[in-house]
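Quick note on the working numbering: the sequence shown kicks off at -5 and runs consecutively. Here the structure comes first, spelled out in structure tokens, and everything after it is commentary.
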Amino acid sequence: MNESLAIREHEELTGLTPDEQRDLEKFALENQADEQDNYRPVLRLSNGKLIAQNYVGIIETRKGTVLEILPKVDVVKDEDKEKTKTKQCFFEMLRDWRGFKSLAQFNASHINAVRRFDMLEVFVHLFLNNLVLLTQRGLARHYQSQEDNQPYLRGRILFPQHIRENVANRARFYVGYDEFNANRPANRLIHSTIHKLMGFVRQPRNQQLLHQLRIGFSDIPQSAPAHLESDWVQYRVNRSDRLMQHYDEVMQWVGLFLFNHGLTTFAGKYVNRTLLFPMWEVFEDFVAASFRRYAQRFSVRKQGPQEPLASIDGKGVFYMKPDISLMSDRMSDRKPEFILDTKWKRINGEGSDPKHGINQADMYQLFAYGKKYGCKQVALIYPKSEQFQKMLRYKFDEELSLSCFPFDVTRPQGSVAEILNHLQNKPIEVIQSLIVA
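See the structure below:
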């Protein structure tokens, strides 16, 4: 069984062999920026130590060791329960992440059932559950032209081939016929995924499901290695076919396991596989979804409304896109009443430093938002931690103030209520009446 090591964000990777250490150092140096060339390293190399950053998920080394990187959230004091609770909290947040829509069905019962699985086994389990549901609904089939030299007449005789093959054997017929079968690109790709997963899945329930599904797909060939990409392209071309409409969720997992589609792509030369999620996006999407669920009298806009910061020759430039805008029905011009910006960063609300670890550039950004959109209050939202338990309030001028709020990811409904309470300066009883039950 492959070894599994669990750490949290910003902790050092330990327990590695010298070869794994060297491989991951090279992996870290090759992956220090995202697709927009922002400096967002997967792992940071400092004085010979490898330190996890803000990507959460799994990295499997070439030796087969699985590194689980968990989010740094303060959930429980009990160390024995911390890993399970942290993982459960992360999965609940992940349901709202923009990058992988199949995770939206990851409900509370699913999370409770797999909370003690290794993280990779959890994602495999979700894929297998989706695939079982797909097979119960029926695999998509189509007519496929076949040719064969058979001992009985079927379809139509192909006379040139029949004469060439059977001139001395009149008991056989070279025929062409159309066969209705499941040998389609999507099904071949699914079979390839099952075969790939069987090489590293260790959780007994997952192994059992894989074995059952492999039998169910035994009559369908796998995609040949040289044809994986062309089969994927062909599936994408045919996905509008009404027979394929129930394949979308399963094929997202196939794209992930075969091609690493849907997650941030990292160089795999020095590792077997990675499934990593950018926590700053996960947190932003989770907070926005929480306001949509629980802030009844506000409509929530993500990454908008967009407004130009400046203009040149009458044309707007440097467009601003607030993370989260709370739009009130009573605002006739549909301007945001409050603008919220999320930061997946631990700040110290108790220290003597009046900046409390807040980035000055973030303050400039929120000041610009407040002035441009005409808000009286803007807010920065950080994850709640042992060092950040209470709101901080800064005043820009007589017309605009900024609040920094701790958001408890283990109780999002309560956090939304508390934030609205402070923003609207209303008693908590009034705010609770605005929260969806």
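Ideal placement from N, C-alpha and C gives every residue a C-beta, glycine not left out.
Between ILE413 and the set PRO377, ASN160 and ILE184, the nearest pair of CA atoms involves PRO377. Under the three-state reduction of DSSP, VAL294 is assigned to strand.
Beta-bridge annotation (DSSP): THR55 is paired with VAL265. In the structure shown, ASP225 adopts helical secondary structure according to DSSP, grouped into three states. Just so you know, the alpha carbons of GLU62 and THR268 end up roughly 10 angstroms apart. According to the DSSP assignment, ARG166 belongs to no beta strand (DSSP E), since it is labelled neither H nor E.
DSSP, read as helix, strand or coil, puts VAL311 in strand. Pairing PHE285 with VAL50 gives a Cβ-Cβ distance that is not under 8 angstroms. According to the DSSP assignment, SER395 belongs to no alpha helix (DSSP H) but to the beta strand (DSSP E) extending over 395 to 401. Ranked by Cα distance from THR336, the first of GLU380, LYS329, PHE292 and GLU275 is GLU275. VAL265 sits buried, since 16 or more C-beta atoms from the chains shown fall within 10 Å of its C-beta. TYR229 is classed as buried because its beta carbon has at least 16 other beta carbons within 10 Å across all chains shown. Looking at the backbone, the Cα of LEU128 and that of VAL244 are separated by about 8 angstroms. Going by DSSP, GLU62 is part of the beta strand (DSSP E) stretching over 60 to 64. The segment 85 to 94 makes no contact with the segment 388 to 397, as fewer than three CB pairs between them are under 8 angstroms. Here LEU417 has PHE332 and GLN371 as same chain residues with Cβ atoms under 6 angstroms from its own Cβ, once five neighbours each way along the sequence are excluded. According to the DSSP assignment, VAL372 belongs to the beta strand (DSSP E) that extends over 371 to 377. Cβ neighbours of HIS189 within its own chain (closer than 8 angstroms, five residues either side excluded): ARG208 and GLN216.
Contact between PHE382 and ARG328 does not hold, since the beta-carbon distance rounds to 33 angstroms and is not under 8 angstroms. Excluding its 5 nearest sequence neighbours in each direction, ASN48 has C-beta neighbours in its own chain below 8 angstroms: GLU3, ARG34, PRO272, MET273, TRP274 and TRP338, listed in chain order.
In the three-state reduction of the DSSP assignment, GLU86 falls in the helix class, which pools H, G and I. Relative to ARG387, the option among TYR358, LYS349, GLY368 and ASP402 whose CA is nearest is LYS349. LYS263 sits exposed, since fewer than 16 C-beta atoms from the chains shown fall within 10 Å of its C-beta. In the three-state DSSP reduction, ALA0 falls in the strand class (E or B).
Residue state for LEU270 is assigned as strand, using DSSP reduced to three classes. Take GLY210, set aside five residues on each side of it, and the residues of its chain with a beta-carbon closer than 8 angstroms to its own are THR129, in chain order. LEU23 counts as exposed, since fewer than 16 other beta carbons sit within 10 angstroms of its beta carbon.
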